[in-house]
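All remarks here apply to the structure that follows.
Numbering (my numbering), first residue to last: 84 to 344.
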């Protein structure tokens, strides 16, 4: 929704949410009013209603606003529901069949990777990320992609604020080392992990982007190192990228045929 397209109260509320969600930092009521061409009292009233419902919240110690926890949870549920559609699940099934390994779609919520859909390969797996499962940001491929796409200052602030636990001897828990890996990930456009979360399991992931380039989810694969070693993960990159592009292409396409839970 573009600024100025605010015919009714619901339109204006959505415009406020859309504007705040699109910013890299918390914004003031005056900035919201100016960018949406709203009278300041109207902006204050809309913000107050959205804040009362948990859709917006004040940044700590300021009078500036950011997305609220309830909006974040709703966004996660919405993305999860969207990726469980029959068409998108079919894309996931096809790429899993092509590479012969389990594939999963993950999003980030509350600084955790949450898996919203997965397809198991016929061969037994060493690690399976079923829908609803969660994993840390810093030692998963999806988490690395998410953090790598943050602005540099926000990325460093997040990395240095994470409680990083060593899950295996390969888990990277030194902030400077992780930041270097994230910069490499940002430049490469995909991420991989080398037995960093579960011993004996390697994996990789690619971003799924909205038409405007916004990261909305990641498509990944996890495989026992006994079957595929870390250096061989690159052979999964192109099939995953092709599938991610197909998934991105479906974002604006109507799909009423949802898979059953």
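All residues carry an ideal CB built from backbone N, CA and C; glycine is no exception.
Short Cβ contact (8 angstroms threshold) for residue i with residue j
i           : j           : result
residue 306 : residue 184 : yes
residue 345 : residue 220 : Since the displayed the chain opens at 84 and closes at 344, residue 345 lies outside it and no answer follows.
residue 158 : residue 195 : no
residue 152 : residue 131 : no
residue 174 : residue 330 : yes
residue 298 : residue 232 : yes
residue 154 : residue 93  : no
Alpha carbon of residue i to alpha carbon of residue j, nearest angstrom
i           : j           : result
residue 129 : residue 201 : 39 angstroms
residue 286 : residue 239 : 24 angstroms
residue 296 : residue 150 : 20 angstroms
residue 209 : residue 112 : Low confidence applies here, because residue 209 scores a pLDDT of 49, under 50, leaving its location unreliable and the question unanswered by this model.
residue 110 : residue 95  : 17 angstroms
residue 265 : residue 228 : 8 angstroms
residue 281 : residue 98  : 43 angstroms
residue 223 : residue 273 : 12 angstroms
residue 140 : residue 162 : 21 angstroms
residue 321 : residue 120 : 44 angstroms
residue 160 : residue 313 : 32 angstroms
residue 269 : residue 293 : 17 angstroms
residue 352 : residue 332 : The shown model of the chain, from 84 to 344, leaves out residue 352, and the question about it has no answer.
residue 177 : residue 147 : 45 angstroms
residue 252 : residue 135 : 46 angstroms
residue 325 : residue 169 : 18 angstroms
residue 199 : residue 114 : 35 angstroms
residue 105 : residue 203 : 35 angstroms
residue 193 : residue 271 : 25 angstroms
residue 311 : residue 267 : 22 angstroms
Reduced DSSP secondary structure (H/G/I, E/B, other) of residue i
i           : result
residue 228 : helix
residue 140 : strand
residue 134 : helix
residue 324 : helix
residue 264 : helix
residue 247 : coil
residue 103 : helix
residue 252 : coil
residue 257 : coil
Residue i classed as buried or exposed, judged by whether at least 16 other C-beta atoms fall within 10 angstroms
i           : result
residue 244 : exposed
residue 143 : exposed
residue 275 : buried
residue 189 : buried
residue 254 : buried
residue 290 : buried
residue 328 : exposed
residue 318 : exposed
residue 91  : exposed
residue 171 : buried
residue 323 : buried
residue 145 : exposed
residue 207 : Unreliable placement is indicated for residue 207, whose pLDDT of 47 sits below 50; the coordinate value is still reported in the next sentence. Flag for residue 207 reads exposed.
residue 156 : exposed
Close beta carbons around residue i, own chain, < 6 angstroms, minus the five adjacent residues each side
i           : result
residue 116 : 123, 126
residue 225 : 189, 196, 288, 301, 303
7 angstroms Cβ shell around residue i - same chain, five flanking residues per side excluded
i           : result
residue 308 : 278, 283, 284, 285
residue 234 : 107
Cβ shell of residue i (< 8 angstroms), same chain only, five flanking positions each side left out
i           : result
residue 242 : 221, 230, 258, 261, 262, 265
residue 248 : 219, 254, 256
residue 237 : 107
residue 191 : 197, 220, 225, 226, 229
Cutoff 8 angstroms: residue i Cβ touching any chain C Cβ
i           : result
residue 141 : Note that chain C does not occur in the displayed structure, where there is just one protein chain.
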